[in-house]
Amino acid sequence: VPVGPDFFHLQPLFLSLYLSVIAANVLLIVLICVNRSLHEPMYLFLCSLFVNELYGSTGLFPLLLFQILKDIHTISASFCFLQIYIIHTYACVEFTILAIMSYDRYLAICYPLQYNQHMASHKVFFLVALSWLCPFIVIIVLMSLSAPLQRCGNIIHKVYCINYSIVKLACSDTTVNNIYGLILTVMVILVPFCYIVYTYMRILKVCFSGSKQTRHKAVSTCTPHLASVINFCFGACFEVVQSRFNMDNVPNMLRIFLSLYWLTCQPLFNPLMYGLNMSKIRIICKNLFLFRLS
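For the sequence shown, the residue numbers in full-length UniProt numbering are 1 to 294.
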């Protein structure tokens, strides 16, 4: 299955991006795991988010770099379906974790006195497990519907494989695939997004009626999360537009950028945003850097 437009001259950029994603996310995962002061619900959710960034980028970059090295434009059907599974579960987990993080911020700002009661350790681990388990199950069902389809072509006009591209190649009836795809979109994208909007409306209401300290806390803890949500939705919209509409008139390099934005920028954007804006993480990084210099 050809994987898309000619992008092989971008090898140094892709390699640099992948190494940067690995370094930034692994650094923050290790910092959160080894520092007991960061063993709080918000940072545990962040750790899960950073693990997902590594997972999603690994679904794209290794295979892409291998194709660049070998100068090939094809991918086997089995690897194509594996890439579909990884990329789709990455997107579902990302939206789910972002929704859980908005719930955590909602409790911390709107119900600070009851926060520890509502966000006990067993509930944190349950939410993290739920954010990974549910997407893995629903995407298995999606793959079981797409894999048996009889396909009349083998050309995918994208840099990587996605489920909708496989369905478009099918000669057999795809009604069930389309219905399940619509239900899945509502479950893992629309519902979490609406919940995020709802929690931020409640947070804003509390901020406008609260003290200056409350507003400062809301801004410092919610800004990175809100920026992450906007950035991911921005990239997801790019992907939907490119998948559903004819992009033949769009310049080739712009199509590559639109296609790869949410799988390259989000895994690098999140650790940089949280690392620079979360005071505890920033202080620990600064102390570690000063310790290394001394």
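Ideal Cβ positions, reconstructed from N, Cα and C, are used throughout, including at glycine.
From a predicted model like this one, the values you see are computed outputs, not experimental measurements.
Any idea what DSSP makes of residue i, helix, strand or coil?
i, result
"Ala147", "coil"
"Ala170", "strand"
"Val3", "At Val3, the pLDDT of 43 sits below 50, so the modelled position is not reliable; the number obtained from the coordinates is stated separately. Here Val3 sits in coil by DSSP."
"Ala120", "coil"
"Phe269", "helix"
"Met278", "coil"
"Ser211", "coil"
"Cys152", "coil"
"Phe81", "helix"
"Pro112", "helix"
"Phe125", "helix"
"Lys286", "helix"
"Asn249", "coil"
"Tyr160", "coil"
"Tyr200", "helix"
My assumption, with CB atoms under 8 Å, is that residue i sits in contact with residue j. Please give the rounded CB distance.
i, j, result
"Ser57", "Leu263", "7 Å"
"Pro148", "Asp104", "Actually they do not touch by this definition, with Cβ atoms about 40 Å apart."
"Val93", "Leu44", "In fact, because the Cβ distance is near 15 Å, the residues do not count as touching under 8 Å."
"His216", "Ser102", "No, His216 and Ser102 are not in contact; Cβ-Cβ is about 19 Å, not under 8 Å."
"Cys161", "Cys80", "4 Å"
"Tyr18", "Phe61", "4 Å"
"Asn231", "Cys265", "7 Å"
"Ser220", "Ser279", "7 Å"
"Val206", "Cys110", "5 Å"
"Leu31", "Ile196", "The pair is not a contact, with the Cβ atoms about 26 Å apart (cut-off 8 Å)."
"Ser48", "Ser131", "7 Å"
"Met154", "Ile84", "Checking the displayed sequence, the identity of residue 154 turns out to be Asn instead of Met. Their Cβ separation, rounded to whole angstroms, is 15 Å, which puts Asn154 and Ile84 out of contact at 8 Å."
"His59", "Ile87", "The sequence given here places Gly at residue 59; His does not occur at that position. Contact holds; Cβ gap of about 5 Å."
"Val188", "Thr96", "7 Å"
"Ser144", "Asn177", "About 10 Å; that fails the 8 Å criterion."
Whole angstroms are fine: how far does the CA of residue j sit from the CA of residue i?
i, j, result
"Leu142", "Ser243", "17 Å"
"Arg282", "Phe50", "16 Å"
"Lys168", "Ala91", "20 Å"
"Ser228", "Thr74", "33 Å"
"Val138", "Ser211", "43 Å"
"Val3", "Ser78", "Confidence in Val3 is poor, its pLDDT being 43 and thus under 50, which makes the residue's placement unreliable; the coordinate value appears in the next sentence. Each residue's Cα considered, the two are about 14 Å apart."
"Pro5", "Phe208", "Residue confidence is low: Pro5 scores 47 on pLDDT, short of 50, so the model does not pin down where it sits. No coordinate-derived value is stated."
"Pro271", "Gln117", "29 Å"
"Ala165", "Glu53", "What sits at residue 165 in the sequence shown is Ser, not Ala. Approximately 23 Å between the Cα atoms of the pair."
"Leu63", "Gln114", "47 Å"
"Cys134", "Phe126", "12 Å"
"Gly275", "Arg202", "26 Å"
"Thr175", "Lys158", "23 Å"
"Ile179", "Cys152", "21 Å"
"Asn25", "Met273", "11 Å"
"Leu184", "Val241", "18 Å"
"Ala99", "Val191", "9 Å"
"Val1", "Leu28", "Because the pLDDT of Val1 is 42, which lies under 50, any placement of that residue in the model is unreliable, and the question is left without a value."
"Ser76", "Lys286", "46 Å"
"Arg36", "Ala218", "23 Å"
"Ser20", "Ile140", "30 Å"
"Asn277", "Thr223", "8 Å"
"Ser172", "Gly181", "16 Å"
"Gln150", "Leu82", "18 Å"
"Pro267", "Ile256", "17 Å"
"Ile72", "Leu254", "21 Å"
"Met119", "Val128", "12 Å"
"Ala108", "Tyr55", "29 Å"
Of all the alpha helix (DSSP H) runs that stay within the bounds of the segment 13-79, which reach a length of 4 or more residues? Runs found: 41-58, 61-70.
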